[in-house]
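Each residue of the sequence shown is one higher than the one before, counting from -9 in this note's numbering.
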Amino acid sequence: MALSDYEKQVLEEMEAQFGSQPASFNDHSRPNANVEQQTGRLSPRKVAVGALMIVAGLLVLIAAVSLGYSVISLIVGVAGFLLMVGGAWYALTAKGSSSSSDQKHSSFMERQQEQWDQRLSDDR
């Protein structure tokens, strides 16, 4: 759906006003990747793998109980418990340092901002 002439005019005025804002305003309006890492955003893949580790640990723990009272069942039970704790720890830890694969998967809004910045620099 195309914009009307009035909508185009209003949009151009808004762009001009935004461009004339102080540099400090523009710095605060753009999200920073380091801030995103500090907030502890969880990776869905890590949560899924952690959940699978917890389920596997629970199954190992159930197998240990079914073995009866012996040293082997105690060792298997502790291993299952450690697997569950490790899975929870892995699932709940935040992303680590940014790598090239993290940069490839930037957020939608970051890509839109980069395209917008590129468009503005091309128009000048």
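Just so you know, even glycine gets a beta-carbon here, dropped at the ideal spot from N, CA and C.
Check: Do you know offhand how far SER10's Cα is from ALA38's?
Finding: The residue given as residue 10 occupies position 20 in the sequence shown. The residue given as residue 38 occupies position 48 in the sequence shown. If I take the Cα positions, the gap works out to 46 Å.
Item checked: Alpha-carbon spacing of GLN7 relative to THR83, whole angstroms -> Position 17 of the sequence shown, counting from 1, holds the residue named residue 7. Position 93 of the sequence shown, counting from 1, holds the residue named residue 83. Going from the Cα of GLN7 to the Cα of THR83 covers about 42 Å.
Next item on the list: Could you work out which residue in ALA81, GLN103, GLN105 is closest to LYS36 when comparing CA atoms only?
Entry: Stepping through the sequence shown from its first residue, residue 36 is reached at position 46. Nearest C-alpha to LYS36: ALA81.
Checklist line | Pair within 8 Å by beta-carbon distance, LEU51 and GLY67 | finding: The sequence position of residue 51 within the sequence shown is 61, counting from 1. The sequence position of residue 67 within the sequence shown is 77, counting from 1. Cβ distance < 8 Å, so LEU51 and GLY67 count as in contact.
Next item on the list: May I ask you to report which of helix, strand or coil DSSP gives LEU57?
Entry: Within the sequence shown, residue 57 is the residue found at index 67, counting from 1. It is coil, neither helix nor strand.
Note to self: Just to confirm before moving on: does the CB-CB distance between GLY77 and GLY40 stay below 8 Å?
What the structure shows: Sequence index remark: in the sequence shown, residue 77 carries index 87 (1-based). Sequence index remark: in the sequence shown, residue 40 carries index 50 (1-based). Going by C-beta atoms, GLY77 is nearer than 8 Å to GLY40.
Next item on the list: State the Cα-Cα distance for the pair GLU104 and SER(-6), rounded to the nearest angstrom.
Entry: Here residue 104 corresponds to residue number 114 of the sequence shown, with the count starting at 1. Here residue -6 corresponds to residue number 4 of the sequence shown, with the count starting at 1. Each residue's Cα considered, the two are about 26 Å apart.
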